[in-house]
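Single-structure report; data block below.
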Amino acid sequence: MKIKKILIITGIILGLLVVNIAVSHAAGTSIEDAMAAQNQAFAGKTAANLGSPKDVRIIVTNIIRIFLSFVGLLATAYLFYGGYLYMTSAGNESRTSSASKIMLSSALGLLVVLTSYSITMLIYKIYLSSITPATGLGELLKTGFGSLFGSLF
1 MKIKKILIIT GIILGLLVVN IAVSHAAGTS IEDAMAAQNQ AFAGKTAANL
51 GSPKDVRIIV TNIIRIFLSF VGLLATAYLF YGGYLYMTSA GNESRTSSAS
101 KIMLSSALGL LVVLTSYSIT MLIYKIYLSS ITPATGLGEL LKTGFGSLFG
151 SLF
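Our numbering puts the first residue of the sequence shown at 1, with every later residue one more than the last.
As structure tokens, then:
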């Protein structure tokens with residue numbers, strides 16, 4: 001017991017000796033300059049380096065895309081769960097029918113999510129082409145709607 005105390009005290013002393021205590025010096029700016037920098041960080045992009053402001057519609061579209069991606073992930077997991085139940089039903093008809101209902105409902109859910117994601121991306125691309133003067137809906141139609149689905153097509 002006495003050896004443990006000696007080892008603990010020695011470890012604490014060695015730990016304190018190893019720690020490098022750095023002295024912090026105040027910056028050479030006045031309180032007015034610091035407050036002005038905070039105000040600029042709150043009001044503009046110069047001090048905060050936030051980048052250019054984005055349109056609210058683009059932000060909402062991105063939130064919808066993230067939400068739909070999450071719901072699609074949940075529907076896919078539910079589909080796998082139904083497949084697992086089907087594979088482990090061992091011929092039990094009640095478990096097989098409940099598993100097939102789960103798989104059918106999750107497949108329909110995935111269909112709804114993919115359709116709503118496609119509609120959201122179509123609206124986003126049309127809106128983006130309307131605020132960008134170099135392209136329009138004609139460019140979207142030339143490239144095809146396959147660009148709306150990412151790498152699926």
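Virtual Cβ for every residue (Gly too), placed ideally from N, Cα, C.
- Determine the burial state of LEU7: buried for a count of at least 16 other Cβ atoms within 10 Å of its Cβ, exposed for fewer. Your numbering for residue 7 matches position 7 in the sequence shown. With fewer than 16 other Cβ atoms from the protein chains shown falling within 10 Å of its own Cβ, LEU7 counts as exposed.
With DSSP run on the structure shown, which of helix, strand or coil describes GLY91?
Translated into positions along the sequence shown, residue 91 becomes position 91. In the three-state reduction of the DSSP assignment, GLY91 falls in the coil class.
Query - Backbone secondary structure at LYS54 - three-state DSSP - result: Start at 1 with the first residue of the sequence shown, and residue 54 comes out as number 54. The answer is coil: DSSP assigns LYS54 none of H, G, I, E or B.
Problem set entry | Per-residue DSSP class, three states only, for MET1 | Your numbering for residue 1 matches position 1 in the sequence shown. Coil, per DSSP.
Item checked: Beta-carbon gap between ALA77 and GLY109 smaller than 8 Å -> Taking the first residue of the sequence shown as position 1, residue 77 is located at position 77. Taking the first residue of the sequence shown as position 1, residue 109 is located at position 109. In this structure, GLY109 does not lie closer than 8 Å to ALA77 by Cβ.
Alpha carbon to alpha carbon, how far is SER98 from VAL60? Reading the sequence shown from its first residue, position 98 is the one you call residue 98. Reading the sequence shown from its first residue, position 60 is the one you call residue 60. Each residue's Cα considered, the two are about 37 Å apart.
For VAL56, count neighbouring Cβ atoms within 10 angstroms of its own Cβ and tell me buried if that reaches 16, exposed if not. Walking along the sequence shown from the start, residue 56 turns up at place 56. Label assigned to VAL56: exposed.
Which residues in the same chain have their Cβ closer than 7 Å to the Cβ of VAL71, if we skip the five residues on either side of it in sequence?
-> Sequence index remark: in the sequence shown, residue 71 carries index 71 (1-based). Counting only Cβ-Cβ distances below 7 Å, and skipping sequence neighbours, we find VAL113.
**Asked** If you compare alpha carbons, which of ILE3, THR120, GLU93, TYR86 is closest to PHE155?
**Response** Given a span of 1 to 153 for the chain in the structure shown, any question on residue 155 remains unanswerable.
Notebook entry, point to check: From SER89 to SER105, what does the alpha carbon distance come to, in whole angstroms?
Noted result: Translated into the one-based positions of the sequence shown, residue 89 becomes position 89. Translated into the one-based positions of the sequence shown, residue 105 becomes position 105. A direct Cα-Cα distance of roughly 18 Å separates SER89 from SER105.
**Asked** Taking just the CA atoms, how far does TYR81 sit from GLU93?
**Response** What you label residue 93 is simply residue 93 of the sequence shown in a count that begins at 1. What you label residue 81 is simply residue 81 of the sequence shown in a count that begins at 1. In a straight line, the C-alpha of GLU93 is about 17 Å away from that of TYR81.
Tell me the rounded alpha-carbon separation between SER100 and ILE63.
On the sequence shown, residue 100 is found 100 positions in, with the first residue counted as 1. On the sequence shown, residue 63 is found 63 positions in, with the first residue counted as 1. Taking the straight line from one Cα to the other gives about 32 Å.
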